[in-house]
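K.L.:
The working numbering puts the last residue of the sequence shown at 946; the count rises by one with no breaks.
Note that beta-carbon positions come from the ideal geometry of N, C-alpha and C, so glycine has one too.
This one's a predicted model, so the numbers in the text were calculated from it and none came from an experiment.
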Amino acid sequence: MWVGREQHRDEVREWVRAGAEGGSAQGGLLRVEGEAGAGRTSFVREAMAGAAARGCRVRYAAADAPGVALPLRAALDCLHPDGPGRAAVVSLLREAETAARPGGALLAAMDLLAAGAERWCGERPLLLVLDDAHWADPASLLLWRRLARSAQRLPLLLAATRRPLPRRPEVELLWAEPGGLTVGLEPLSAGEAAELLRDALGAPAGPRLREAAALAGGNPRLLGELLEQWAGLIRVDEGRAELTVPVAGLPPVPASLARGLGYLHRRARATLRHAALLGPEFTARELALVRARPARELMAVLEEPVLAGLLEDTGDLLRFRHPALCRALYAETPGALRTALHHDAARAFAEAGLDPARTAEQLLRGGRLNAWAVRWLADSAPGLVAGAPGTAAELLERALEQGGLRRETLEALEEQLADAALMLRRPESVDLLAGLRARTTDPDRRAAVDFKLVSALMIQGDMARSLAATERALAEEFPSAPWRLRLEACRVLALADLHRPAEAYALAGPLVGRAERLGDPLCGAEVHHAVSFALFHLNRGRESLRHVAEGIAYARRSPAANDMRLLLLANQAEGHLRFDEPQIVAAALREARELAVATRSTGRLVVTEARLAEFHYRLGDWDAALEAVARAGALPVSDGWLPVVVRGLRARVLGHRDEREAAAAELAALPADAFATPAARRYASHVLLARALLAEREGRPADALAALEPALADASGEAVAYERPWVLSEMVRLALESGETATARAAVAACGRTVSALPGYPGPELALLRCRGLFAQDPELLARALLRGESGGWPLVLGHLLEDLAVARAWRGDLTGSRAALTRAVTAYEGLGARWDTARADARLRSLGVRRGSRSARRRAASGWEALTPAELKVALLVAQGRSNPEIASALFLSPRTVQTHVSHILAKLQVRSRAAVAAQAAARPPGASGP
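#1: Taking the straight line between their C-alpha atoms, what separation do you get for Leu-383 and Leu-377?
#2: Report the rounded CA-to-CA distance for Thr-616 versus Arg-299, giving the unit in angstroms.
#3: Could you please give me the residues that DSSP links to Arg-45 through a beta bridge?
#4: Excluding the five sequence neighbours on either side, which residues of its own chain have a C-beta within less than 7 Å of the C-beta of Ala-733, listed in chain order?
#5: Quick check: Ala-518 and Val-526, are their CB atoms within less than 8 Å of each other?
#6: Using 8 Å as the cut-off, can you tell me whether the region 239-259 makes contact with the region 54-64, which would need three or more C-beta pairs spanning the two stretches below that distance?
#7: With 16 other CB atoms within 10 Å as the buried threshold, where does Ala-871 fall?
#8: Tell me whether Glu-641 is buried or exposed, calling it buried when 16 or more other Cβ atoms sit within 10 Å of its Cβ.
#9: Spatial neighbours of Ala-639 within its chain, please: C-beta separation below 7 Å, excluding the five flanking residues on both sides.
#10: With distance defined between alpha-carbon atoms, name the residue in Arg-389, Ala-359 and Ala-385 nearest to Glu-375.
#11: In this structure, does DSSP put Ser-944 in helix, strand or coil?
#12: Are Leu-796 and Ala-848 close, meaning C-beta to C-beta below 8 Å?
#13: Rounding to the nearest angstrom, what Cα-Cα distance links Val-658 and Val-701 in this structure?
#14: Which residues does DSSP list as the beta-bridge partners of Asp-818?
#15: Say whether the region 354-372 touches the region 63-76, bearing in mind that this needs 3 or more beta-carbon pairs closer than 8 Å, one atom from each stretch.
#16: Taking Cβ to Cβ, would you say Leu-211 is nearer than 8 Å to Leu-229?
#17: The beta strand (DSSP E) with Glu-186 in it runs from where to where?
#18: Check whether the Cβ of Glu-109 lies closer than 7 Å to any heavy atom of the ligand SAM, and answer yes or no.
#19: Considering only residues of the same chain and omitting the five flanking positions on each side of Ala-302, which have a CB-CB separation below 7 Å?
#20: Ignoring anything shorter than 3 residues, give me the beta strand (DSSP E) runs that lie fully in the region 238-299, in order along the chain.
#21: Using alpha carbons as the reference points, say which of Ala-764, Ala-575 and Arg-747 lies closest to Asp-818.
#22: If you follow the beta strand (DSSP E) that Glu-326 is in, where does it begin and where does it stop?
#23: What three-state label does DSSP hand Val-746 in the structure shown?
#24: Does the count of Cβ pairs from the region 892-904 and the region 846-863 closer than 8 Å reach three?
#25: Report the residue from Arg-514, Val-315, Arg-352 and Glu-295 whose alpha carbon sits nearest the alpha carbon of Cys-340.
#26: Return helix, strand or coil for Ser-870, following the three-state DSSP convention.
#27: Return yes when the Cβ of Lys-466 is within less than 8 Å of the Cβ of Leu-447, no when it is not.
#28: Residue ranges of each alpha helix (DSSP H) run of no fewer than 4 residues wholly in the region 754-781, ordered along the chain?
#29: Measure from the alpha carbon of Leu-780 to the alpha carbon of each residue in Trp-740, Thr-757 and Ala-790, then state which is nearest.
#30: Does DSSP classify Val-72 as helix, strand or coil?
#31: What's the gap between the Cα of Ala-342 and the Cα of Cys-92?
#32: Just tell me which of Arg-854, Val-463 and Leu-906 has its CA closest to the CA of Phe-492.
#33: Below 8 Å between beta carbons: does that hold for Ala-226 and Leu-264?
#34: How big is the Cα-Cα spacing for Trp-16 and Asp-146?
#35: Determine the contact status of Asn-585 and Pro-773, defining contact as a CB-CB distance below 8 Å.
#36: Of the choices Glu-844, His-94 and Leu-368, whose alpha-carbon is the least far from that of Gly-401?
Okay, structure coming up:
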């Protein structure tokens, strides 16, 4: 019940204690505010229970809407729910009803209630609670203000709760009374919601259930109602609670969930129902088109739900803060009417020139396509495929399944569906394009289809068929020089990937001059990409990156080369990451992400997000890494490597944080054929290391070692895998600790072979130093490795190297040096939140007689700047600079929703109400105070 509210609960308990003992410095007034379902009543009931336990007299009443018009109704229900005291006040109120000047009788009734409260205070401390004060009558609120001032001299505790609406001046005046304690109940964060799920279900929630819980928007009561609805779909198995169906397969949210919105004005409620037709996010202009009203008029109507916290105004968009309420409002509209409204909205959007994706979304939700919709799709498909390939593919499939299309329309839609499937990297794109090629007779058009077919085969990892298709295309005659050059570049790519890099590079050289003479930016970019790819497979990394940079320069000259620019930027980021050059990596990924989002390039965006996730992981910003893999996993693409990155990297973070059950759940969710493609095997280190980590944590060192054994094999293409040396270094550590000396020696040798094939890369060379230092337990070798690691600046790597050095020094009898290295290692681990690594380091050194000076990790403060997490601190400093949420999201590669969550936590921890106050506190911090 108190998840995410523990600090507030403790504050309320202290408020009760101080007031009951007659020494409250807070003036005796408790104000609790929050949206419906946030738990306001729970807090005042906690106060009531604590006060009663301390011998206080307790009185409670909850105001309601009908009582607003009845003078002193709320106060009377609280102080005298029955008995002679009530009768005396009621008599005065009846006198006031019939009097020509009722003020005197009403004032007398208030005096009588106030005097009774003071008399009770003379007997023992008194707690008076007014729940739902937003509905209380003005006279009761005036009395509460009067009593609040008396509480400074009496053993009197007053409590009141309210929600954001209705906004009434009398309530604002009560909240403005000086002193007291104000508790603002913010929405639960994703982590707090997961904890609430665990408390409710008796087991940690799986990824599906955590995703579904986001529908509640952090509202505890709404989350509880959703859990009741899903009760038959949740199964607790092997210590984890999980949905038995995908989130998309959950039953519709019932309209009854919206019953708590009755306080809204009728026009606001009707407008929200129309907004729900547009989905969780929409613009004011879209809503204006649907409602056929001026946007200015609608914004006035929407002010009420915005103030109530039902809608968020992000600047560009309006967003339902509780997706479940959006669905409930949608369910209130009858199905047949919804279908008609969706078609009307689609037509209005198209005629207004809105983004085709929004028109298509409305048509998808509107059922069968009518004649106008098919005509619109045929005309708009190219732009729709480019901007929203997933939506385009679904709508094109629906149109083709309906049938009844003219031949030219059918062929045009089939071609667009093939393009959409290619952009989404779906396997079916190969068959669609092969069929399209068979029907194409124009030579240049067939060359264009051949290029797409070759690209589709490459995406699916079938390089042999890709090379065959390229050779077949080049054997035909076609007049287009650009298409021939682009297909020749494809041949270079296929040869290099098929372990024929020297041959590929020989063919690539002449293409550079031809591209320069042709002067086509796209051809130039693709040729330099092919040359860089061949050089990369020849292990000439620096030369490869020079051609990558030249390709990017070509691509920047024309929007037609945007897709190639995105690919080259991703390669630039990966290449410079291998040379430990984070500034270049960050700049490349920032440019790539901005371009991918702007051009809606889903396929390239998923690669960029994966690169970002790995970059943030190595930088030690694990929250940002999890954000990036979440964004990547949510994109509608079918890349076989994606689950390996998403699940593997997430499992590594969770494992290091000692969230074992959640980490195991991520690994268990991997498909059986997760490593079927070369692209997926390229990312295998994430999964191998996560499996080993969990096995070691569970006391199964042999299983941990076995999990890494695939890294020993010098399989074709795997011997030069960049991540392999670090996996082998972990294998050396585990093998030595398990007494498997032969395995450790084999891992050192395999690491040496790999590094010899990767000359000039600092990461593999560092891993080889670690392997040799571990095998020999040589502090000097490990100190050299540490020196190299410090120049790279990757926190987890530094922690491992320091831990290894501490062990080696302990073996050599240098306990003082060992303790110093251990302390530094644990500091690195604690900065990451790597609880398991801290425990492992302590255990390894404890067995060698080495203990840290302080055995307790520093506890994070509950409030103030020291309470901020590293991620919150970054956001807070940008807020202090005056940056908006969208600007912060762009700078930190976070979603706007996450930034808003961080800002809410920052305001709560710093105990301020505005961004300006955050800036003021930041300016007042001592110089050099850069972190918590």
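P.N.:
Reading from the atomic positions:
#1: If I take the Cα positions, the gap works out to 7 Å.
#2: Between Thr-616 and Arg-299, the C-alpha separation is close to 26 Å.
#3: As DSSP reads the structure, Arg-45 sits in a beta bridge with Ala-174 and Thr-196.
#4: Summary for Ala-733: the model assigns pLDDT 38, below 50, so the residue's position carries little reliability, and this model does not support an answer.
#5: Cβ distance not < 8 Å, so Ala-518 and Val-526 don't count as in contact.
#6: Flag = no, the region 239-259 and the region 54-64 do not touch.
#7: Its pLDDT being 42, under 50, Ala-871 is placed unreliably by the model, and nothing is read from it.
#8: It is buried - the Cβ of Glu-641 has at least 16 other Cβ atoms within 10 Å.
#9: The answer, listed in chain order, is Ala-627, His-630, Tyr-631, Leu-663 and Val-667.
#10: Measuring from the Cα of Glu-375, the nearest candidate turns out to be Ala-359.
#11: The predicted model places Ser-944 with a pLDDT of 47, which falls under 50 and marks its position as unreliable; any figure quoted below should be read in that light. Here Ser-944 sits in coil by DSSP.
#12: No; because the gap between Cβ atoms is not below 8 Å, this pair is not in contact.
#13: The alpha-carbon separation between Val-658 and Val-701 amounts to approximately 7 Å.
#14: For Asp-818, DSSP assigns no beta-bridge partner whatsoever.
#15: Between the region 354-372 and the region 63-76, the count of C-beta pairs closer than 8 Å stays below three; the two stretches do not touch.
#16: Contact check for Leu-211 against Leu-229 fails: the beta carbons are separated by 8 Å or more.
#17: For Glu-186, no beta strand (DSSP E) run applies; the uninterrupted alpha helix (DSSP H) run containing it begins and ends at 183-189, by DSSP.
#18: The ligand SAM is absent from the structure shown, which contains no ligand whatsoever.
#19: So the list reads Pro-308, Ala-309 and Leu-312, once near-sequence residues are dropped.
#20: Assignment of beta strand (DSSP E) within the region 238-299, counting only whole runs of 3 or more residues, yields 248-251 and 254-257 in chain order.
#21: Residue nearest to Asp-818 within the set Ala-764, Ala-575 and Arg-747 is Arg-747 (criterion: CA-CA distance).
#22: It spans 325-327 - the beta strand (DSSP E) in which Glu-326 sits, taken as one unbroken run.
#23: Here DSSP, grouped into helix, strand and coil, assigns Val-746 to helix.
#24: By the Cβ criterion, the region 892-904 is not in contact with the region 846-863, since fewer than three pairs of Cβ atoms, one from each stretch, lie closer than 8 Å.
#25: Among Arg-514, Val-315, Arg-352 and Glu-295, the Cα nearest to that of Cys-340 is on Glu-295.
#26: Below a pLDDT of 50, predicted positions are generally treated as unreliable, and Ser-870, at 40, falls in that range; the measurement from the model is reported next regardless. Ser-870 falls in the coil class under three-state DSSP.
#27: Contact flag set, yes.
#28: Segments of the alpha helix (DSSP H) lying fully in the region 754-781: 755-770.
#29: With distances taken between Cα atoms, Leu-780 lies closest to Trp-740.
#30: When DSSP states are grouped into helix, strand and coil, Val-72 belongs to the strand group.
#31: Roughly 35 Å separates the two Cα atoms.
#32: Looking at the Cα atoms, Val-463 is the closest of the given residues.
#33: Cβ distance < 8 Å, so Ala-226 and Leu-264 count as in contact.
#34: So the two alpha carbons sit approximately 20 Å from each other.
#35: Their beta carbons are not under 8 Å apart, which means Asn-585 does not touch Pro-773 by this criterion.
#36: That would be Leu-368, whose Cα lies nearest to the Cα of Gly-401.
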